[in-house]
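**Student:** Dropping the structure in here first, questions after.
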Amino acid sequence: VGPSAIQVTSAEKTKVLSHSVLLNDVYYASEIEEVCLVDDNQFTLTIANESGPLSFIHNDCDSIVQAIIHIRARWELSQPDSVTVHQKIRPKDVPGTLLNMALLNLGSLDPNLRTAAYNLLCALTATFDLKIEGQLLETSGLCIPSNNTIFIKSVSEKLAVNEPHLTLEFLEECIQGFRASSIELKHLCLEYMTPWLPNLTRFCSHPDDKKRAKVAMILDKLITLTIEEVEMYPSIQAKIWGNIGQVSELIDMVLDSFIKRSVTGGLGSGQAEIMADTAVALASANVASVAKKVIGRLCRVIDKTCTSPTQTLEQHLMWDDIAILARYLLMLSFNNCLDVARHLPYLFHIITFLVCTGPVSMRASTHGLVINIIHSLCTCTKPTFLEDTQQY
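Quick note, in the UniProt record's numbering, the sequence shown goes up one by one and the last residue is 392.
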């Protein structure tokens, strides 16, 4: 990865004009449309005018992806203010792109724009045979009130159920349009986005890795939105992460994205704290599942340190993950969000390892976790301990 381009060299020689040569492909920052981290060892790269995303396997994918994002961002900043970089619309993206355009502009203050958006929605459902059950009819002179959020949301809910294949393109376009919208339209966007979020589970276990990578990319963009949209922060927490938390199948993938973003910022950073705070919103509708997964992850990470022990836990390569997850536990520990009666042995097991470990902020977190656990035991209504818990 260079300062303005990336170079990909083939691992094996290829015959060109009777000579065996190594092929070098150079992609300039201006040609890079998208880079997405699939997991710790794989990432995908979307290049302008290529038939599809390029997939790469490497031991240091995270660093490579961050470097590519950096050169792409630097290139965008170097462009004159008058030059706007527009995302290319692929044929398969057209229904999702136009659907978001229609729904968003139905909330406009301009009555003519609302009418045009309604007619676009009618044309869209007819052209692409979207199943809306006769709810739309293009009519001249139609009066559409500015306060029609309930109608917009009902249309979105029906399409989310009947046309789930549009989910990835639609959500991507929603996120793209969200940034450029007014505060009022941002609230509307959140309303009609939420019915589509449960559909992401269709693509998490999809045999096509590109679909799974797209889900990871959408989650990453939602995280960026959460961090950057300060004025919309409470609404994004409630509407986006509160709803995603209700979908148990998504929680593992979401936590992966949260932890990666937190570790990138480092313990105590602004984005790590926002991710810990967002974990509380994630758990608000699904306490048992989120608590079990976070506690289970931290126990597994601590167990992994046994395979390559160090003098102190904070010297271990896994320390960043441990510290970040411990911070998540602290945020979740208030008001029995950790389902303390069920997980008490595991929580005390974790505390035993973490007590008097790490910087002052980390020790304060461990102390706070103990206080909150005891507080939850005292305030939750008649805690019932399972037989396994009592045996521990």
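All C-beta atoms, glycine included, are put in the ideal place defined by N, C-alpha and C. Just so we're clear, the structure is a prediction, and the values are computed from it rather than from any experiment.
Assign I150 to one of two classes, buried (16 or more other C-beta atoms within 10 Å of its C-beta) or exposed (fewer than that).
**Tutor:** Here residue 150 corresponds to residue number 150 of the sequence shown, with the count starting at 1. Exposed, by the Cβ-count rule.
**Student:** With a 10 Å radius around its C-beta and 16 neighbouring C-beta atoms as the bar for buried, classify C189 as buried or exposed.
**Tutor:** For the purposes of this step, residue 189 is identified with residue 189 of the sequence shown, where counting begins at 1. In this structure C189 is buried. Its beta-carbon is surrounded by 16 or more other beta-carbon atoms within 10 angstroms.
**Student:** What residues are listed by DSSP as bridge partners for V370?
**Tutor:** By one-based count along the sequence shown, residue 370 stands at place 370. DSSP, once it has assigned bridges, lists no residue as partnering V370.
**Student:** Three-state secondary structure (DSSP) at C36?
**Tutor:** Here residue 36 refers to the residue found at position 36 of the sequence shown. Strand, per DSSP.
**Student:** Using CA coordinates, which residue listed in E33, M362, E157, P3 is at the minimum distance from E273?
**Tutor:** As a first step, residue 273 is located in the sequence shown; it is residue number 273 there, counting from the start. The residue with the shortest Cα to Cα distance from E273 is M362.
**Student:** Of the residues M275, R114, Q315, which one's Cα is nearest the Cα of G358?
**Tutor:** As a working mapping, residue 358 is identified with position 358 in the sequence shown. The option with the nearest alpha carbon to G358 is Q315.
**Student:** Cutting at 6 Å between CB atoms, please list the residues of its own chain near A123, excluding the five before and the five after it.
**Tutor:** Within the sequence shown, residue 123 is the residue found at index 123, counting from 1. Excluding residues within five positions, none has a Cβ falling inside 6 Å.
**Student:** Apart from the five residues on each side of it in sequence, which residues of its chain come closer than 6 Å, Cβ to Cβ, to H349?
**Tutor:** Taking the sequence shown and counting its residues from 1, the one referred to as residue 349 is at position 349. If we look at H349 and ignore the five residues flanking it on each side, it has no Cβ neighbours.
**Student:** Alpha carbons only, please: which of K304, S376, R342 is nearest the one belonging to M331?
**Tutor:** The sequence position of residue 331 within the sequence shown is 331, counting from 1. Ranking K304, S376, R342 by Cα distance to M331 puts S376 first.
**Student:** How big is the Cα-Cα spacing for T312 and D321?
**Tutor:** Here the question's residue 312 lines up with position 312 in the sequence shown. Here the question's residue 321 lines up with position 321 in the sequence shown. Each residue's alpha carbon lies about 15 Å from the other.
**Student:** Check whether the Cβ atoms of L267 and L298 sit closer than 8 Å, and answer yes or no.
**Tutor:** Walking along the sequence shown from the start, residue 267 turns up at place 267. Walking along the sequence shown from the start, residue 298 turns up at place 298. Cβ distance not < 8 Å, so L267 and L298 don't count as in contact.
**Student:** Please give the ranges of any alpha helix (DSSP H) in the UniProt domain "Cell morphogenesis central region" (145-303), keeping only runs that are unbroken, at least 4 residues long and fully inside the region.
**Tutor:** 149-162, 167-179, 183-193, 201-204, 209-228, 233-236, 248-265, 270-283
**Student:** Quick one: what does DSSP say N59 is sitting in, helix, strand or coil?
**Tutor:** Start at 1 with the first residue of the sequence shown, and residue 59 comes out as number 59. Coil, per DSSP.
**Student:** For F334, report the span of its alpha helix (DSSP H) as first-last.
**Tutor:** In the sequence shown, counting from the first residue as 1, residue 334 sits at position 334. Where F334 is concerned, there is no enclosing alpha helix (DSSP H), given that its DSSP letter is neither H nor E.
**Student:** Considering only the alpha carbon of each residue, which of R342, I373, A323 lies closest to V360?
**Tutor:** Position 360 of the sequence shown, counted from the first residue, corresponds to residue 360. Selected option, being the one with the closest Cα: A323.
**Student:** So, helix, strand or coil for T379, using DSSP?
**Tutor:** To locate residue 379, count along the sequence shown from 1; it is residue 379. T379 falls in the helix class under three-state DSSP.
**Student:** Which whole runs of the alpha helix (DSSP H) in the stretch 303-361 are 4 residues long or more, in chain order?
**Tutor:** 319-332, 340-354
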